[in-house]
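*Asks:*
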Amino acid sequence: MVDRLPVAVIGSGNIGTDLVVKLRRSALLEPVALVGIDPDSDGLRHARKWGLETSAEGVDWLLAEAGRLGIRLVYEATSAKVHEAVAPRYAEAGLVAIDLTPAAVGPAVVPPVNLLTHLDAPNLNMITCGGQATIPMVAAVSRVTPVGYAEIISTVASRSAGPGTRANIDEFTETTAHGLVDIGGAGRGKAIIILNPADPPILMRNTVYCAIGADADRAAIETSVAAMAADVAGYVPGYVVRGVVFDEGPFGTPAGEAAARVTILLEVTGRGDYLPPYAGNLDIMTASAVRVGETIATRRGLVVPA
Amino acid sequence: MTSAAMPAAPGFRLTDSTLRDGSHALRHRFTEAQVAAIAGALDAAGVPVIEVSHGDGLGGSSFQYGFSAVDERALIAAAASAVTRAKLAVLLIPGIGLADDLHVVAELGVSVARIATHCTEADIAIQHLRTARDLGMETVGFLMMAHMTDPDSLLGQARIMEDAGAQTVYVVDSAGAMTTHDARARVAALKAGLRPGTQVGIHAHNNLSLAVANSIGALEEGVDQVDGCSRGLGAGAGNCATEVLVAVADKLGYVTGIDTMAIADVAEDVVRPVMPREQIIDRSALALGYAGVYGSFLLHAERAAERFGVDAREILLELGRRKIVGGQEDMIVDVALELSRRT
Numbered sequence: 000m001v002d003r004l005p006v007a008v009i010g011s012g013n014i015g016t017d018l019v020v021k022l023r024r025s026a027l028l029e030p031v032a033l034v035g036i037d038p039d040s041d042g043l044r045h046a047r048k049w050g051l052e053t054s055a056e057g058v059d060w061l062l063a064e065a066g067r068l069g070i071r072l073v074y075e076a077t078s079a080k081v082h083e084a085v086a087p088r089y090a091e092a093g094l095v096a097i098d099l100t101p102a103a104v105g106p107a108v109v110p111p112v113n114l115l116t117h118l119d120a121p122n123l124n125m126i127t128c129g130g131q132a133t134i135p136m137v138a139a140v141s142r143v144t145p146v147g148y149a150e151i152i153s154t155v156a157s158r159s160a161g162p163g164t165r166a167n168i169d170e171f172t173e174t175t176a177h178g179l180v181d182i183g184g185a186g187r188g189k190a191i192i193i194l195n196p197a198d199p200p201i202l203m204r205n206t207v208y209c210a211i212g213a214d215a216d217r218a219a220i221e222t223s224v225a226a227m228a229a230d231v232a233g234y235v236p237g238y239v240v241r242g243v244v245f246d247e248g249p250f251g252t253p254a255g256e257a258a259a260r261v262t263i264l265l266e267v268t269g270r271g272d273y274l275p276p277y278a279g280n281l282d283i284m285t286a287s288a289v290r291v292g293e294t295i296a297t298r299r300g301l302v303v304p305a
Numbered sequence: 000m001t002s003a004a005m006p007a008a009p010g011f012r013l014t015d016s017t018l019r020d021g022s023h024a025l026r027h028r029f030t031e032a033q034v035a036a037i038a039g040a041l042d043a044a045g046v047p048v049i050e051v052s053h054g055d056g057l058g059g060s061s062f063q064y065g066f067s068a069v070d071e072r073a074l075i076a077a078a079a080s081a082v083t084r085a086k087l088a089v090l091l092i093p094g095i096g097l098a099d100d101l102h103v104v105a106e107l108g109v110s111v112a113r114i115a116t117h118c119t120e121a122d123i124a125i126q127h128l129r130t131a132r133d134l135g136m137e138t139v140g141f142l143m144m145a146h147m148t149d150p151d152s153l154l155g156q157a158r159i160m161e162d163a164g165a166q167t168v169y170v171v172d173s174a175g176a177m178t179t180h181d182a183r184a185r186v187a188a189l190k191a192g193l194r195p196g197t198q199v200g201i202h203a204h205n206n207l208s209l210a211v212a213n214s215i216g217a218l219e220e221g222v223d224q225v226d227g228c229s230r231g232l233g234a235g236a237g238n239c240a241t242e243v244l245v246a247v248a249d250k251l252g253y254v255t256g257i258d259t260m261a262i263a264d265v266a267e268d269v270v271r272p273v274m275p276r277e278q279i280i281d282r283s284a285l286a287l288g289y290a291g292v293y294g295s296f297l298l299h300a301e302r303a304a305e306r307f308g309v310d311a312r313e314i315l316l317e318l319g320r321r322k323i324v325g326g327q328e329d330m331i332v333d334v335a336l337e338l339s340r341r342t
């Protein structure tokens, strides 16, 4: 048994609490504190029951106590506004921040695609749930053949779309579209989000379309997609490719005419930790964030794996 | 034919959506010349509002819905150059289009922003309705697939749009699934529950052959605005045919300001020649209305049926069972793939 790296989670809502559940299972990270603003929140009550230190006094408490608790890494699960304000204070205190808000203070990371290039960053951003689900697939295609244009559709259960997403849905589509290009390797990108209110709630669905050339090696694309899906499923067990379909064009994409396209149909079932299984969109964020923390902890030598 | 309006005569404002909803039927292949000809003819016949955009609204050009042959900004500019009196409108579905897109089209001369969400998700339109108001545009909230929720819940969603600055809220029967009773009940709930200054509209599809009847039923409940498409050109079996609506309204004494014979000529002489086929209620279109499936799925389902060797109607019925909402065209391939594996 190795000593796990003590970490803190800031934000005791659905995301923060689900993150704590996953961190409790981690062999490398140990959640020692959950910080919120409402002492009666369900998340803080759970955390007390699990033996974490809790505070409703926000980041001031955390910065004062980080030394005593040995915390080197913090997860931000509050809001973009809060994180923008406190990020410099984390940096000053030498705390690595993994940011699950849309603040985008640090570089955006997708574990199997670009995490290793940003291991030394003091602040890492988790983009969006749709980005975590789809960018690996765009990268899987673009490492085989040029992708002039990529487009993704994320459909989530209405009940799992929080007030932040609803109030600024453009931020989701724009941030995700940038990720398809900057991280996924597409020439241009577009993202669409759809909320489905069906009851019982639908599982998170994502569809990835990539424009490809006439001579693209389709067998190699399928192999690459399967390998990438296995990588993602390594930290998001409910991540499944339901189908890979090739269609002949021509397609008049914004990046010019494409001879063909590949369509990758994805389904994400959540683990049902703090959030129900239909909330695969939230699950993929928290599971990816755990993977980022674990990778940083081992690669920087903060903890030695058994 | 309608002549000078009697002061007390009831009336309504007609928005013609041939150049937006009709985009589905043309697989988003409208050219600038076609748009200019249709917009000019509608304007000359007295249509007060003309909607132009990709079928899925601004930013709809995509793999998911079909790429536009001509950038919708060019199509809007073509319409703007062809009209003298009519206001131009656009559709914007949050999650597909961006609030920033409104800035672009406002500069092109668009003055009516119609912001559309699924009938239970009105709050995602708040950002876009506010942007449209800030730009000085007239604002319409467009509650799609309104058959999927009850009248009281629909009113709750309409109030969210009203509070965000929508001057009109539409009951949108995207699946052409409403009976006349369904349409009237929803319009009545909005008329009774929204503020007196807020207008109510109806957008009907013809999958159950009720588009005109439902629009007239809505008028009898006091609806202020009605959508039509010339010769019904639109998703699924098509929309409430503008020229039929105008003729019936004329007979019933509703003032529209539109010349009945002239609008019938537009349908026959200008719109029919660009249509790939007449709008009919075949078994697939009927399945849309019967199962309550988003109208624009029709052509995508037909293509997927051919591609995977399955029945289009089976795809549509399965989509209805899964409670798929507007915009989820990717699920058509998912369902077709699954059906093909079963056989």
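So the sequences go chain by chain: A and B. Residue 72 in numbering that gives the first Met the number 0 sits at position 73 of the first sequence, and the numbers go up by one each step. Residue 307 in numbering that gives the first Met the number 0 sits at position 308 of the second sequence, and the numbers go up by one each step. For each residue, glycine too, the CB sits at the ideal point set by N, CA and C.
1. Beta-carbon within less than 6 angstroms of A103 of chain A's beta-carbon, same chain only, minus the 5 sequence neighbours each way: which residues are those?
2. Listed from N- to C-terminal order along the chain, which residues in the segment 108-122 of chain B have their beta-carbon within a distance smaller than 8 angstroms of any beta-carbon of chain A?
3. What is the residue span of the beta strand (DSSP E) that N206 of chain B lies within?
4. Against chain A, does S173 of chain B count as a neighbour if the rule is that its beta carbon must be under 9 angstroms from one of theirs?
5. By Cβ distance below 8 angstroms, which residues in the same chain neighbour G69 of chain A in space, the five residues on each side in sequence not counted?
6. Which first and last residues belong to the alpha helix (DSSP H) in which V20 of chain A is found?
7. Are there any heavy atoms of the ligand HEM lying less than 8 angstroms away from the beta-carbon of V69 of chain B, as far as the coordinates show?
8. Name, going along the chain, the residues of the segment 144-161 of chain A whose beta-carbon falls closer than 7 angstroms to a beta-carbon of chain B.
9. What is the DSSP secondary structure of M5 of chain B, counted as helix, strand or coil?
10. Name the DSSP bridge partner or partners of Y169 of chain B?
11. If you drop the 5 nearest sequence neighbours on each side, which residues of the same chain put their C-beta closer than 8 angstroms to that of A296 of chain A?
12. If you scan the segment 35-74 of chain B from start to end, which runs of the beta strand (DSSP E) of 3 or more residues do you find wholly inside it?
13. Looking at G212 of chain A and T144 of chain A, is the spacing between their C-beta atoms short of 9 angstroms?
14. Answer yes or no: does any C-beta atom of chain B fall closer than 9 angstroms to that of Y307 of chain A?
15. Within a Cβ cutoff of 6 angstroms, which residues of the same chain sit near A228 of chain A, ignoring the five residues on either side of it in sequence?
16. How is F245 of chain A classed by DSSP in three states: helix, strand or coil?
17. Should A107 of chain A go down as buried or exposed, given a rule of 16 or more other Cβ atoms within 10 Å for buried?
18. Tell me the DSSP secondary structure of Q131 of chain A in three-state form.
19. Under three-state DSSP, which class holds T14 of chain B?
20. Cα separation between G325 of chain B and D272 of chain A?
21. Strictly by DSSP, which residues pair up with L90 of chain B?
22. Using only CA atoms, which one of B:V332, B:C118 and B:R282 lies nearest to M149 of chain B?
23. According to DSSP, Y74 of chain A sits in a beta bridge with which residue or residues?
24. For N280 of chain A, collect the residues of the same chain with a Cβ closer than 6 angstroms to its Cβ; drop the 5 residues on either side in sequence, then sort them by chain order.
25. Under 9 angstroms Cβ-Cβ, which residues of chain A neighbour A68 of chain B?
26. Could you round the C-beta distance between R19 of chain B and V51 of chain B to whole angstroms and report it? I think they count as a contact, below 8 angstroms.
27. Among B:V69, B:T130, B:S173 and B:L74, which has the Cα closest to the Cα of T116 of chain B?
28. Assuming Y87 of chain B and V34 of chain B form a contact by the criterion Cβ under 8 angstroms, report the distance between their Cβ atoms to the nearest whole angstrom.
29. Going by DSSP, what residue range makes up the alpha helix (DSSP H) through I283 of chain A?
30. Does the segment 215-226 of chain B come into contact with the segment 243-257 of chain B, if we say contact requires no fewer than three beta-carbon pairs (one atom in each stretch) closer than 8 angstroms?
31. Determine which residues of the segment 194-212 of chain B have a Cβ less than 7 angstroms from any Cβ of chain A, and write them out in chain order.
32. Less than 9 angstroms between the beta carbons of A85 of chain B and L41 of chain B, yes or no?
33. As a quick exercise: from B:G108, B:C239, B:A32 and B:V199, pick the residue whose alpha carbon is nearest that of N206 of chain B.
34. Does any CB atom of chain B fall closer than 9 angstroms to the CB of M0 of chain A?
35. Is the number of C-beta pairs between the segment 160-167 of chain A and the segment 133-150 of chain A that are closer than 8 angstroms three or more?
36. From B:D258, B:G237 and B:A234, pick the residue whose C-alpha is nearest to that of V245 of chain B; which is it?
*Replies:* Working from what's here:
1. N124
2. H117, T119, E120 and D122
3. Careful: N206 of chain B lies outside any beta strand (DSSP E) and carries neither H nor E.
4. For S173 of chain B, the closest Cβ of chain A is not nearer than 9 angstroms.
5. Result list for G69 of chain A: P5 and V31, in chain order.
6. N13 to R24
7. No copy of the ligand HEM appears in this structure; indeed no ligand is present at all.
8. E150, I152, T154 and S157
9. Only weak support is given to the placement of M5 of chain B: the predicted model assigns it a pLDDT of 46, under 50, and the question is left unresolved by the model.
10. B:F141 and B:G200
11. L4, L27, L28, L72 and V302
12. Counting only runs of 3 or more, we get 48-51.
13. yes
14. Outside the shown range of chain A (0 to 305) lies residue 307 of chain A, about which nothing can therefore be said.
15. V240
16. DSSP places F245 of chain A in the strand class (E or B) of the three-state scheme.
17. buried
18. helix
19. strand
20. 30 angstroms
21. The partner list for L90 of chain B (beta bridge, DSSP) reads B:R113.
22. Per the sequence shown, residue 149 of chain B should be read as Asp rather than Met. Residue B:C118 is the option with its Cα nearest to D149 of chain B.
23. A:V8 and A:I97
24. C128, V155, S159 and M203
25. Counting only Cβ-Cβ distances below 9 angstroms, A68 of chain B has contacts in chain A at G251, in chain order.
26. 6 angstroms
27. B:S173
28. Residue 87 of chain B is actually Leu in this sequence, not Tyr. Going by Cβ atoms, the distance from L87 of chain B to V34 of chain B rounds to 11 angstroms, so no, they are not a contact pair.
29. Where I283 of chain A is concerned, the enclosing alpha helix (DSSP H) stretches over G279 to R298.
30. yes
31. none
32. In this structure, L41 of chain B lies closer than 9 angstroms to A85 of chain B by Cβ.
33. B:C239
34. Summary for M0 of chain A: the model assigns pLDDT 48, below 50, so the residue's position carries little reliability; its value from the coordinates is reported in the next sentence. Not one chain B Cβ lies under 9 angstroms of M0 of chain A.
35. The segment 160-167 of chain A makes no contact with the segment 133-150 of chain A; the number of CB pairs closer than 8 angstroms stays below 3.
36. Selection B:D258, B:G237 and B:A234 evaluated against V245 of chain B yields B:D258 as nearest (Cα-Cα).
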